[in-house]
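Residue numbers (the numbering used here), protein chains in the order written: chain A, 1 to 377; chain B, 1 to 647.
In this text, a Cβ means the ideal position worked out from N, Cα and C, and glycines have one as well.
Quick caveat, the model's predicted, so the values are computed rather than measured.
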């Protein structure tokens, strides 16, 4: 799946490079607006938004997950799946652990969807739901902020530490302040692979678990300042980590005070003052590959391609659709758009080929890739 | 590959063998009634079990030349000439084989070994095991896809379907199936695999009355090309789902199942209060799935197991394991019934004992405990594996009579245990032949259901059905310890409250008791092969055996896990009040249950109110009466459970 996403994005980037050049040539012919060489090849989308008005069980969408033609949305009032242009809703009546679905993960081998809720962890398998709670299972806590599936293991981030369910043995292993370097046990996110598992811990930085050696490591803010950044690019930007995404051996970590990228040796931090981020307050970062990532902030959705940035949102002042672009030299521009994600407050994102699906505080947005790109002043 | 386990034995002397076989067949033909057990002789012995074959499943080669017989007790596959019934060979497999399937070309035969957790791949030309692959816990059903790329294996304990690479045996994924996943069928076009399961699924919605809800089961439909579950066909009020058949045109499916009536007192057998035995039919010919009864007025079809559909879809044949017969169903009449009758809102005709007269056209007596079925490609000969007779009945489907009974070579005498096993599996002793021991103790284990066994009122003294493993010398019996020994448990209690009909004679009761006493524990899947404990299991054992709580306070001896659950079986055999009495219980004093394979037997507590081991302590132990546990952290409780799983 990840290879597919990467491939799609490479294709998208090439398409944009090509179409951008073509468009600019056309713009010149039509009188031109701006120097084409400054226009970065970032994607533009047409957004279609889903709310309770067209089938969602709630406008508060915490999480989104794409599985081929299916799109799952974890909302405050149930788990919704969009297939064949219709929504199907799962609630506690069908066995969902809780109506508020905070996180989602796909077991690519089986097609099962794992839903972290405010009342436990649910496994949705071809319509049947099995729920694990802190009372009926070894789950450490019912508030499940994050979930990630790797092989036969389901890794879970909860309000009381992390845990792992081995699907073959049924054994739960709990990770907390007693057996890891975790100083706080409020675990907000988890990203698991066969080699490394990373945990985003609110107030305790980033935890790394090496699957081979079973050793733990902790990455935290080297300046230990909650309000200041004294040592930029020297380590994690802040200890209040809200999410983590491990892809292509690169760690992408979001915090409420900026974002970080770590390649195993060097850190690079992203702040509003020196990047295209619309806000340092970031709910989720999702890496596409080593150089591309999406940032879900409280002031819009941001895309980074390794050099250029784009922001998609309703304008903070007018509420009108807005797309902002910042190139590698720091030059900014606006791209005229007629649609935007349903809200500025972005909580999650997932990819469907070259399209994106975005969870926001007021609806779920489907970003459909458009082939034309026009930069304006 | 496990060549050392392979045994191929082609018996020589074809002429003498044929002569011998002819004599045997002649003898069998003169039996007055094939469903009567073979008379036991005076040499019957207890304590040892001769090497019976116990044929469980059958398969016919694609060319119709061979009949493969899976012999569960002798751990082998016997290969017969499908026309002469001469033995062509024997292939040893693993322990307690349960499922068998041929590849599409018939060149490979796959056998699941339920006690070894392996699959044997047999080369059918050489009749040797060419590979033995490890799979998950208690593999049962097996099928290979048409492309020969994947093997699907239903695992009863892990309740899933494993997908293996058909060439290497490497497991690719495990798909969640129903609880106790056991039987698999491939559709005629090879596009779908259907899995069924013998224990009901856990209730999807946890409620305080979850142990008093009708059981729910499913048919798990797997896309064989994508190897993913695409649908779960719900089977309401069903627990115990066995073989499933799909018609050659793919438009009709039928699955054999138990419909327990566990919400009313079981003792009300005279009111039909125990089980309905049914088929659920589904597919394009049916529309929405429909449950149809196999029972007749005054004569039940106890414990249906195997199902086949004739190639021309004229008939459906079902083995009725507890009633020692095969039902022949006229499929077009069944479909007319389903379409013409007003359909109940529930989609079930299970309560209508007059229904089966519309479509059951014959009830054909066969041997003891008929299980697997195989139909010749022309549909004229139906082979039936009589597990507890070591015979195979050959039914002429035109006359609907047994034309031949093939005796599998084996012990000539009947052991006490064998007679006891026959008594265990038959429904002949109960009123109208409704139930046998094995109706609730599926394959001599349990059924995962909570029953209302006492005749003292609806909803009083609900009890969870216990597993029958290693229960000898473990008196008293019953949750309330009211039965001092197994003869009382199996004799007066069963006869009075359950059978409501015929008493056992002394010899049969002795046989039955000996059989029940002989039931071993299945291999524990949570113990490491080395015998060592994992760190979590070690920590859990320390908690189980501790005498001091985490605050340094001594735990009274009666409040330690290891006191009530002492000894090798994890029971002191004494009665205790651990604070689990419910409003519906006459008493709060219960016998400490043994811990043998406790991980397999959810739900827990006397009434099944604890859905999981965790709930025993997180929900039902608020005052620490069921052991001192409320000082434990979640990690420590998890460790305790890891240890309990090794018992």
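Handout entry: C-beta atoms of residue 137 of chain B and residue 161 of chain B nearer than 8 Å
Key = no
Exercise for the section: Pull up the distance between the alpha-carbon of residue 370 of chain B and that of residue 389 of chain B, whole angstroms please. Expected result: So the alpha carbons of these two residues sit roughly 9 Å apart.
Exercise for the section: Check the Cβ-Cβ distances between residue 22 of chain A and every residue of chain B, and say whether any is below 8 Å. Expected result: Note that residue 22 of chain A scores 39 on pLDDT, short of 50, meaning its location in the model is unreliable and no value can be drawn from it.
Exercise for the section: Can you give me the Cβ contacts of residue 77 of chain B inside the same chain, cut-off strictly under 8 Å, excluding the 5 residues immediately before and after it? Expected result: Taken in chain order, the residues that qualify are 68, 69, 70, 71, 90, 91, 93, 97, 100, 109, 111, 122.
Problem - Coil, strand or helix - residue 29 of chain B by DSSP - result: Reliability fails at residue 29 of chain B, whose pLDDT of 39 lies under 50, so the model's placement of it is uncertain and the value that follows must be treated cautiously. Residue 29 of chain B: helix per DSSP, three-state reduction.
Handout entry: Spatial distance of residue 431 of chain B from residue 300 of chain B (CA atoms)
Key = One C-alpha to the other measures close to 9 Å.
Exercise for the section: Just mark residue 141 of chain A as buried or exposed, buried being the case when its beta carbon has 16 or more other beta carbons within 10 Å. Expected result: buried
Exercise for the section: Give me the Cα-Cα distance between residue 155 of chain A and residue 139 of chain A, rounded to the nearest whole angstrom. Expected result: 10 Å
Problem - Residue range of the beta strand (DSSP E) that includes residue 195 of chain B - result: 192-197
Practice task
Just confirm the distance between the C-beta atoms of residue 648 of chain B and residue 172 of chain A, as a whole number of angstroms; I'd bet it's less than 8 Å.
Solution key: What the structure shows of chain B is the stretch from 1 to 647, and residue 648 of chain B is not part of that stretch, so it cannot be assessed.
Practice task
Please work out which residues of its chain come closer than 6 Å, Cβ to Cβ, to residue 164 of chain B, disregarding the five sequence neighbours upstream and downstream, and give them in chain order.
Solution key: 151, 171
Practice task
Output the boundary residues of the alpha helix (DSSP H) element that contains residue 506 of chain B.
Solution key: 506-518
Exercise for the section: Note down the Cα distance separating residue 112 of chain A from residue 149 of chain A, rounded to an integer number of angstroms. Expected result: Spanning the alpha carbons of residue 112 of chain A and residue 149 of chain A requires a straight line of approximately 10 Å.
Handout entry: Start-end ranges of the alpha helix (DSSP H) lying completely within the segment 409-466 of chain B, minimum 4 residues
Key = At a cut-off of 4 residues, the continuous stretches assigned as alpha helix (DSSP H) that sit fully inside the segment 409-466 of chain B are 416-425, 437-440.
Practice task
Compare the C-beta of residue 380 of chain B with all C-beta atoms of chain A and state if any pair is closer than 8 Å.
Solution key: No, its Cβ sits nowhere closer than 8 Å to a Cβ of chain A.
Exercise for the section: Put residue 617 of chain B into one of helix, strand or coil per three-state DSSP. Expected result: Three-state DSSP puts residue 617 of chain B in a helix.
Practice task
Between the Cα of residue 294 of chain B and those of B:281, B:611, B:502, B:66, spot the shortest distance and give me the residue it belongs to.
Solution key: B:281
Exercise for the section: Go through its chain and collect everything with a Cβ distance to residue 178 of chain A's Cβ below 8 Å, but skip five positions before and after it. Expected result: none
Problem - Selection from B:238, B:609, B:217, B:363 that minimises the alpha carbon distance to residue 232 of chain B - result: B:217
Practice task
In the DSSP assignment, find the unbroken alpha helix (DSSP H) run with residue 564 of chain B in it and report its ends.
Solution key: 561-564
Practice task
Measuring only between beta-carbons, confirm whether residue 167 of chain A sits less than 8 Å from chain B.
Solution key: In terms of beta-carbon proximity, residue 167 of chain A lines the interface with chain B, with at least one pair separated by less than 8 Å.
Problem - Straight-line gap, residue 56 of chain B to residue 368 of chain B (C-alpha atoms, nearest Å) - result: 11 Å
Handout entry: Given 8 Å, three or more beta-carbon pairs between the segment 464-476 of chain B and the segment 599-619 of chain B
Key = yes
Handout entry: Buried/exposed call for residue 45 of chain B, threshold 16 Cβ in 10 Å
Key = Low local confidence applies: a pLDDT of 42 at residue 45 of chain B is under 50, so the model's placement there is unreliable, and no value is given.
Handout entry: Contact check, residue 177 of chain B vs residue 447 of chain B, beta carbons under 8 Å
Key = no
Problem - residue 176 of chain B at chain A interface by Cβ criterion, 8 Å - result: yes
Exercise for the section: Specify the secondary structure class of residue 155 of chain A as computed by DSSP and reduced to three states. Expected result: strand
Exercise for the section: Could you tell me which uninterrupted beta strand (DSSP E) segments, each at least 3 residues in length, are contained entirely in the segment 163-237 of chain B, listed from first to last along the chain? Expected result: 171-176, 181-186, 192-197, 216-223, 228-236
Handout entry: Helix, strand or coil at residue 185 of chain A [DSSP, three-state]
Key = coil
Problem - Straight-line Cα distance separating residue 487 of chain B from residue 510 of chain B - result: 8 Å
Problem - Cutoff 7 Å; reference residue 26 of chain B; Cβ partners in own chain excluding five residues on either side - result: For residue 26 of chain B, the pLDDT reaches just 41, beneath the cut-off of 50, and the residue's location in the model is therefore unreliable, leaving the point undetermined.
Exercise for the section: Using a threshold of 8 Å, state whether the C-beta atoms of residue 359 of chain A and residue 62 of chain A are closer than that. Expected result: The Cβ-Cβ distance between residue 359 of chain A and residue 62 of chain A falls below 8 Å.
Exercise for the section: Evaluate the contact criterion for the segment 180-199 of chain B versus the segment 114-132 of chain A: three or more CB pairs, one atom per stretch, below 8 Å. Expected result: no
Problem - Per-residue contacts from residue 611 of chain B into chain A (C-beta, under 8 Å) - result: 136
Practice task
Please list the residues of the segment 611-645 of chain B that have a C-beta atom closer than 9 Å to any C-beta atom in chain A, keeping them in chain order.
Solution key: 611, 612, 614, 615, 618, 619, 633, 634, 635, 637, 638, 641, 642, 645
Practice task
Sort out for me which residues DSSP pairs residue 330 of chain B with in a bridge.
Solution key: B:315
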